[in-house]
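In the numbering used here, the protein residues as written are -12 to 672.
C-beta atoms are modelled at their ideal positions from N, C-alpha and C, and glycine is treated no differently.
Each remark here refers to the structure printed beneath this line.
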C-alpha cells in the first residue's frame, strides 16, 4: 500500500485547555504472595521489577464518533506478580469508557504467543483490591469510582501479553470543519519505559472517498479565509520523543512508531479528517462543538510546535557537529604535538646487538630508570646491591639463625668491605651502603636480609623515609643526565586531563541527552587522547641513543646462545652483565642458557668448601641453605624483602594515622509539543 509522509517537527508548549479524548493510564499492580511471611520473601519482594518491551495498539474510529481501542502490552515480570491495571482519566465531558473484555497469554523471547490466549472473566470489584489481593482466579474487574480496570492473575518470572479491548464513547470530537482524534496512547505517568511502541488509527474512510494531501500546507490563509478539510484530506501529527514517526496511508490508516518512550514521557497522536466521515453521530455529539471551527487552531498550534521542534533539531544537529569538529580538532592537535614533542628521535646507534655494558661508569640503577621511563622500582635498589657485590664492596654469604619461636631460618647476610666501600664515590652506592649498614645494621659490618623486614616492622616510618630518600638520590642522578625532555611530559599530562574531560563529557551527555552520538564521538576521542598522552614523554637524543644500546645488550643476552660466536668465559664479565640482565627482566633466561652454553663460568671456586659460601650465580638463580634446603636467589629474596617491607610499613603507617577508605500534519517526524490529549500514568507495586 503506498504511503505519503510530511515531517511535522515539534517543540514544547503548555498543556491544551481541554482534552479531546479519554486518558488511558496503564500501571502494574505487584502484590506479594504469602512470601511476606518469611524474611526471604521480603527480600524477594524488594527485588521484583518489570519491563514493557513492546506495545501494539489499534484504534478504530467509528462513524458514531466512538474510538474502539485494542491494546496489547507485553510485560516482562521479574518476580511474583498478581495484577496489572489501566486507569482512564481526563475524559471529555461527553465521553465514557466501556470495557469490552480482556485476555492474556504467555510469550516467548521473540514476543510470539505461546499456546492459547486465556480469556479473563469479569468479577465484581472489591475496594480492598485497590491495595492488594484479588479474586484468586484469572479475571478482570472495573473500579468505576476511579475509572480503573484491573486484570488479576498469578505469575512469577514470566513474560506475558495482556490485551485490553475497550471503547471510548465520543472519543472522537466533531467540529464544524473537521473531526479530531487527540489521544495519548502512551501516557506520561508510566513508571517504566515503554519500548517498541506501535499504534495504528483506522479512520472510517467512506467507500467512495480517498485520502489526499492537504490543499494548503503552508499554515497561512488570506484574510477572512477559514481553512477547512477538503475531501479526503487527512492530517496527522505525533507528539513526544523526536525519533518517533507518523505516516498517513492511502487506505485511511495512520501509523505511529516510537522506539522508546521513557518513564515520564508520553507518545501522543493527533489526527484531523473530514467530519463528514462521521455519518452516525448522535445529536448530542453534533451539538457538543456546534459552531466551532477547529482546523485553524490545530494548524496554528502544530506549526508553532513544528517550528520549535525544527529549531531544536537544528540546534541539536549543530551541537553534534560542533562536538565532531572539536573531537577532530583535538585529535589533530594531539597528533601534531606528538609529532613535534613526542615522537622518539632516531638513535645514532642502530646495531641489533651490543656486547658491553650500556655506558661505563654509569650506575646500573640509573640505567634502570632510563629503561622504564624514570618510573620507580625496588629492582633498582636490588640491582645496586648486586653491583656492589660484583665490585667487592659487599660480600654475600648464607647462614641460619633462630627466629623468636626458636625455629632455624636459612637466610643470606651481607658483609661490607670497608676498604673497597669507602673508595666508592657514586652517590647511589653510598646511599645504599648507608641505608643497609649504618641504619639497619646500626653500624655493624654484617646484616641479615631478614633484618630488613624486621627493621621495617619495628620502624615503619623511618624505613619508608629512608627508601624515599634513596629514590630521591637516584632521581637526582637521573635528572643530572638529562635523559628526558620536559615539554613532552608536560604536554602529555595536560593531554591526559583533556582526555578524561572528553570521557566524562561523553558519559554525561549520553545520560542527560539520552543521545548516543555524543558518547560515540567523545569517548573514543578521549581514549585516543589517553593513548597519545601515554606516548608524549620523550627521551633526549642522548637518552634515546643510550636506550638503543640497552636494547641491543638485552637482545644479545637473550640470543647469545643462538649466535655463531663464542660467548665470553670470564666470570667477572658475566657478573657485570647479569646486573643488567636482572634490570632488563631476562636474568632467569640467561642463567639457563649459561648452564647449557658456557657451563664453566658456573663452576665453583676454592671458597666453595666453606658452608657459608654463596657462588656468584646464586645471586640470580636458586641455591641451597646451610642445611641443604632450597633457597631462592639472592636477587629474588632481596627484591621481595624490600617490596614486602615497604608494603607492610605503609600499612602500619596508614593504620597508625587512622586512615580510612571513603566509599552517579501529514506523516513524518514527531514533535515534543502537544500534551492536550488524554493520557495518564502507570507504575508497579
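Review point. Buried or exposed: residue 274, going by 16 or more other Cβ atoms within 10 Å of its Cβ?
Key: Taking the first residue of the chain shown as 1, we reach residue 274 at position 287. Burial call: exposed.
Check your understanding: With contact counted as at least three CB pairs below 8 angstroms, one residue from each stretch, are the stretch 520 to 527 and the stretch 287 to 305 in contact?
Key -> no
**Study point:** Extent of the continuous beta strand (DSSP E) to which residue 155 belongs
**Key:** For this step, residue 155 is matched to residue 168 along the chain shown. Here the beta strand (DSSP E) through residue 155 covers 146 to 156.
Check your understanding: How many angstroms separate the CA atom of residue 100 from the CA atom of residue 142?
Key -> Position 113 of the chain shown holds residue 100. Position 155 of the chain shown holds residue 142. Per the coordinates, the alpha-carbon of residue 100 lies some 16 angstroms from the alpha-carbon of residue 142.
Point to revise | Rounded separation between residue 458 and residue 352 - CA only | key: Position 471 of the chain shown, counted from the start, is the residue given in the question as residue 458. Position 365 of the chain shown, counted from the start, is the residue given in the question as residue 352. A straight-line Cα-Cα distance of about 10 angstroms links residue 458 and residue 352.
Check your understanding: Would the beta-carbon of residue 505 fall within 8 angstroms of that of residue 310?
Key -> As a working note, residue 505 is residue 518 in the chain shown. As a working note, residue 310 is residue 323 in the chain shown. Yes.
Practice item. Could you name the residues of the same chain whose beta carbon sits closer than 6 angstroms to that of residue 447, not counting the 5 residues immediately before and after it, in chain order? Key: By 1-based counting over the chain shown, the position of residue 447 is 460. These residues qualify, in order along the chain: 636, 639 and 640.
Practice item. Along the beta strand (DSSP E) that carries residue 385, what are the first and last residues, could you check? Key: Within the chain shown, the letter at position 398 stands for residue 385. Here the beta strand (DSSP E) through residue 385 covers 381 to 389.
Check your understanding: Start and end of the alpha helix (DSSP H) containing residue 473?
Key -> Stepping through the chain shown from its first residue, residue 473 is reached at position 486. 473 to 499 is the extent of the alpha helix (DSSP H) around residue 473.
**Study point:** Selected residue, minimal CA-CA separation from residue 531, among 365, 80, 361 and 138
**Key:** As a first step, residue 531 is located in the chain shown; it is residue number 544 there, counting from the start. Minimum Cα distance to residue 531 is reached at 361.
Check your understanding: Quick one: what's got a C-beta closer than 7 angstroms to residue 98's C-beta in the same chain, skipping five residues either side?
Key -> To locate residue 98, count along the chain shown from 1; it is residue 111. If you ignore the 5 residues before and after residue 98, its C-beta comes within less than 7 angstroms of the C-beta of 41 and 61, all in its own chain and listed in chain order.
Review point. Which same chain residues, not among the five before or five after residue 346, have their C-beta less than 8 angstroms away from its C-beta?
Key: Residue 346 sits at position 359 when you count from the first residue of the chain shown. The residues are 354, 533 and 536.
**Study point:** Alpha carbon of residue 37 to alpha carbon of residue 178, nearest angstrom
**Key:** Working through the chain shown from its first residue, we reach residue 37 at position 50. Working through the chain shown from its first residue, we reach residue 178 at position 191. Counting only the Cα atoms, residue 178 lies some 10 angstroms from residue 37.
Point to revise | Euclidean distance between Cα positions of residue 321 and residue 372 | key: Position 334 of the chain shown, counted from the first residue, corresponds to residue 321. Position 385 of the chain shown, counted from the first residue, corresponds to residue 372. When rounded, the distance between both Cα atoms is 42 angstroms.
Review point. Between the C-alpha atoms of residue 359 and residue 468, what's the straight-line distance to the nearest angstrom?
Key: Counted from its first residue, the chain shown places residue 359 at position 372. Counted from its first residue, the chain shown places residue 468 at position 481. Going by the C-alpha atoms only, they are around 15 angstroms apart.
Check your understanding: Can at least three beta-carbon pairs, one atom from the stretch 512 to 523 and one from the stretch 474 to 490, be found at a separation below 8 angstroms?
Key -> Put simply, the stretch 512 to 523 touches the stretch 474 to 490. At least three CB pairs are less than 8 angstroms apart.
Review point. Is the Cβ-Cβ distance between residue 248 and residue 254 less than 8 angstroms?
Key: Translated into the one-based positions of the chain shown, residue 248 becomes position 261. Translated into the one-based positions of the chain shown, residue 254 becomes position 267. Yes, these two residues count as a Cβ contact at 8 angstroms.
Check your understanding: For residue 521, which of helix, strand or coil comes out of DSSP?
Key -> Here residue 521 corresponds to residue number 534 of the chain shown, with the count starting at 1. In this structure, residue 521 counts as helix in the three-state DSSP scheme.
**Study point:** Per-residue DSSP class, three states only, for residue 118
**Key:** The residue given as residue 118 occupies position 131 in the chain shown. The answer is coil: DSSP assigns residue 118 none of H, G, I, E or B.
Exercise for review: Give a yes or no on contact between the stretch 436 to 447 and the stretch 406 to 414, applying the rule of three or more CB pairs nearer than 8 angstroms.
Suggested key: no
Point to revise | Where residue 426 sits in the DSSP three-state scheme | key: Taking the chain shown and counting its residues from 1, one reaches residue 426 at position 439. Three-state DSSP puts residue 426 in a helix.
Point to revise | Boundaries of the alpha helix (DSSP H) in which residue 684 is found, first to last residue | key: Only positions -12 to 672 of the chain appear in the structure, and residue 684 is not among them; the question remains open.
**Study point:** contact_flag[the stretch 123 to 136, the stretch 71 to 80] where n(CB pairs < 8 angstroms) is 3 or more
**Key:** The answer is yes - the stretch 71 to 80 touches the stretch 123 to 136, with three or more Cβ pairs under 8 angstroms.
Check your understanding: Bridge partners of residue 583, per DSSP?
Key -> As a position in the chain shown, residue 583 is number 596, starting the count at 1. Answer by DSSP bridge pairing: none, since residue 583 is not bridged.
Point to revise | residue 416 classed as buried or exposed, judged by whether at least 16 other C-beta atoms fall within 10 angstroms | key: Translated into the one-based positions of the chain shown, residue 416 becomes position 429. Result: buried.
Point to revise | Per DSSP, the bridge partner or partners of residue 169 | key: By one-based count along the chain shown, residue 169 stands at place 182. In the DSSP output, where bridge partners are listed per residue, residue 169 has 257.
Check your understanding: Do residue 625 and residue 369 come within 8 angstroms of each other at the CB atom, strictly closer than that value?
Key -> Working through the chain shown from its first residue, we reach residue 369 at position 382. Working through the chain shown from its first residue, we reach residue 625 at position 638. Against a cut-off of 8 angstroms, the Cβ pair of residue 625 and residue 369 comes out as a contact.
Review point. Which of helix, strand or coil does DSSP assign to residue 602?
Key: In the chain shown, the residue the question calls residue 602 occupies position 615. Correct three-state label for residue 602: coil.
Review point. At what residues does the beta strand (DSSP E) containing residue 40 begin and finish?
Key: Within the chain shown, residue 40 is the residue found at index 53, counting from 1. Segment 36 to 48, the beta strand (DSSP E) holding residue 40.
Review point. In this structure, does DSSP put residue 63 in helix, strand or coil?
Key: Sequence index remark: in the chain shown, residue 63 carries index 76 (1-based). Here residue 63 sits in strand by DSSP.
**Study point:** Buried/exposed call for residue 87, threshold 16 Cβ in 10 Å
**Key:** Against the chain shown, residue 87 aligns to sequence position 100. Per the 10 Å Cβ criterion, exposed.
Exercise for review: Would you give the residue range spanned by the alpha helix (DSSP H) that residue 298 belongs to?
Suggested key: Taking the chain shown and counting its residues from 1, the one referred to as residue 298 is at position 311. Its alpha helix (DSSP H) spans residues 282 to 324.
Check your understanding: Secondary structure at residue 533, three-state DSSP: helix, strand or coil?
Key -> For the purposes of this step, residue 533 is taken as the residue at position 546 of the chain shown. Looking at residue 533 - three-state DSSP - the assignment turns out to be helix.
Point to revise | Residue burial classification, residue 608 (beta-carbon count within 10 angstroms, cutoff 16) | key: Counted from its first residue, the chain shown places residue 608 at position 621. The residue in question, residue 608, is buried, as its Cβ has 16 or more Cβ neighbours within 10 Å.
Point to revise | Cβ-Cβ separation, residue 48 to residue 165 (assumed contact under 8 angstroms), whole Å | key: Within the chain shown, the letter at position 178 stands for residue 165. Within the chain shown, the letter at position 61 stands for residue 48. Contact doesn't hold; Cβ gap of about 13 angstroms is too wide.
Review point. For residue 169, which of 259, 383, 395 and 421 has the nearest alpha-carbon?
Key: Counting from 1 along the chain shown, the entry for residue 169 is found at position 182. Measuring C-alpha to C-alpha distances from residue 169 to each of 259, 383, 395 and 421 identifies 259 as the nearest.
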